[in-house]
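Peer 1:
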Amino acid sequence: MTPTFKNLSWQELLNAGALFLALMAFALLLAEQTERVLFYKILYTARTTMILFTPAMCLYVLPQQSQKKQNYWLLFWTFSFLSYAIHIYYSFFVFFHGSLAEFFADQGIAVATINLFITIWWAFEIVAVWTLSSPAKWLRLQRAAIQIIIAVTFFASTVILHGVDNKEPFVIVLGALQAAAILACVAIRITARKRQFAL
1 MTPTFKNLSW QELLNAGALF LALMAFALLL AEQTERVLFY KILYTARTTM ILFTPAMCLY
61 VLPQQSQKKQ NYWLLFWTFS FLSYAIHIYY SFFVFFHGSL AEFFADQGIA VATINLFITI
121 WWAFEIVAVW TLSSPAKWLR LQRAAIQIII AVTFFASTVI LHGVDNKEPF VIVLGALQAA
181 AILACVAIRI TARKRQFAL
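The numbers in the sequence shown follow our numbering, run straight up by one, and end at 199.
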């Protein structure tokens, strides 16, 4: 998918932006009702990112190409990153005081490295998608790759890790629903391609 933005409408921006603001406000207000406010701000902003990322990933893999589809993919892709940036603010800059030493000590080298890698790559991709209009192959490949990596990371951190510990059933269900939605969109894309080649 090579995004173009000349037809991005205010209505599309309003629709996606309103959902982002509503989900983020709900997440932060819900966290304020708990005894561990910061912990739940970190947790709920991560869940908000998952929710916003799901339509972005689905729109990216669905076969039909249209300007509206590209626009909504761009908006959900961007707003899911903004949600993730808020999550990073509360987790890294508030909880870990902006200290890489604290971050690595708490999460371990493997997990911390993966999180840092995804953060830097996702930030680069958002800048690239808004500023580079080139349909270069490497841009398309890295765009697909980072979305796949994020999807796999969400699945691993929700369904697998929470499933092993048998905790937070809601998170396990949320991760499973996200995976099911993305796989359904992939199946639709594969079916459409098979039909296209059969013609």
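By construction, the Cβ of each residue, glycine as well, lies at the ideal position given by its N, Cα and C atoms.
1. Let me know if Trp-138 comes out buried or exposed under the rule of 16 or more other beta-carbons within 10 Å of its beta-carbon.
2. Please state the DSSP three-state secondary structure of Phe-155.
3. In this structure, does DSSP put Phe-20 in helix, strand or coil?
4. Rounded to the nearest angstrom, what separates Ala-46 and Trp-73 at their Cα positions?
5. Could you tell me how far apart the beta carbons of Ile-88 and Thr-113 are, in whole angstroms, since I believe they sit closer than 8 Å?
6. Counting pairs of beta carbons, one from the segment 62-77 and one from the segment 24-39, are three or more of them closer than 8 Å?
7. Under 6 Å Cβ to Cβ from Leu-13, same chain only, skipping five residues before and after it: list those, please.
8. Does DSSP put Pro-169 in a helix, in a strand, or in coil?
9. For Pro-55, count neighbouring Cβ atoms within 10 angstroms of its own Cβ and tell me buried if that reaches 16, exposed if not.
10. Give me the Cα-Cα distance between Ile-172 and Ser-9, rounded to the nearest whole angstrom.
11. Suppose you measure from the CA of Phe-170 to the CA of Tyr-40; what does that come to, to the nearest Å?
12. Could you tell me which uninterrupted beta strand (DSSP E) segments, each at least 3 residues in length, are contained entirely in the segment 91-162, listed from first to last along the chain?
13. Please determine, among Val-61, Tyr-84, Arg-36 and Lys-194, the residue with the shortest C-alpha to C-alpha distance to Leu-116.
14. In the DSSP assignment, find the unbroken alpha helix (DSSP H) run with Leu-52 in it and report its ends.
15. Buried or exposed: which applies to Ala-16, given that a residue is buried once 16 or more other Cβ atoms fall within 10 Å of its Cβ?
16. What first and last residue would you give for the alpha helix (DSSP H) that runs through Asn-71?
17. CB-CB under 6 Å to Ile-86, same chain, minus the five flanking residues each way: which ones, in chain order?
18. Distance check for Phe-154 and Phe-93, CA to CA, integer angstroms please.
19. Can you grab the Cα-Cα spacing for the pair Arg-193 / Tyr-60, in whole Å?
Peer 2: Judging by the given coordinates:
1. It is exposed - the Cβ of Trp-138 has fewer than 16 other Cβ atoms within 10 Å.
2. Of the three classes helix, strand and coil, the one that applies to Phe-155 here is helix, per DSSP.
3. Here DSSP, grouped into helix, strand and coil, assigns Phe-20 to helix.
4. Cα to Cα, the separation comes out at about 19 Å.
5. Not really, about 15 Å apart at Cβ, beyond 8 Å.
6. Segments in contact, no.
7. So no residue of the chain qualifies.
8. Secondary structure at Pro-169: helix, using DSSP grouped into helix, strand and coil.
9. It counts as buried.
10. Answer to the nearest angstrom: the Cα atoms are 36 Å apart.
11. Phe-170 and Tyr-40 have their C-alpha atoms spaced approximately 14 Å apart.
12. Runs found: none.
13. Answer by Cα proximity: Tyr-84.
14. Here the alpha helix (DSSP H) through Leu-52 covers 37-61.
15. Looking at its Cβ environment, which holds 16 or more other Cβ atoms inside 10 Å, Ala-16 is buried.
16. Going by DSSP, Asn-71 is part of the alpha helix (DSSP H) stretching over 67-88.
17. A distance below 6 Å between beta-carbons, with the five flanking residues on each side excluded, links Ile-86 to the following residues of its chain, in chain order: Thr-45.
18. Phe-93 and Phe-154 have their alpha carbons spaced roughly 22 Å apart.
19. One C-alpha to the other measures close to 15 Å.
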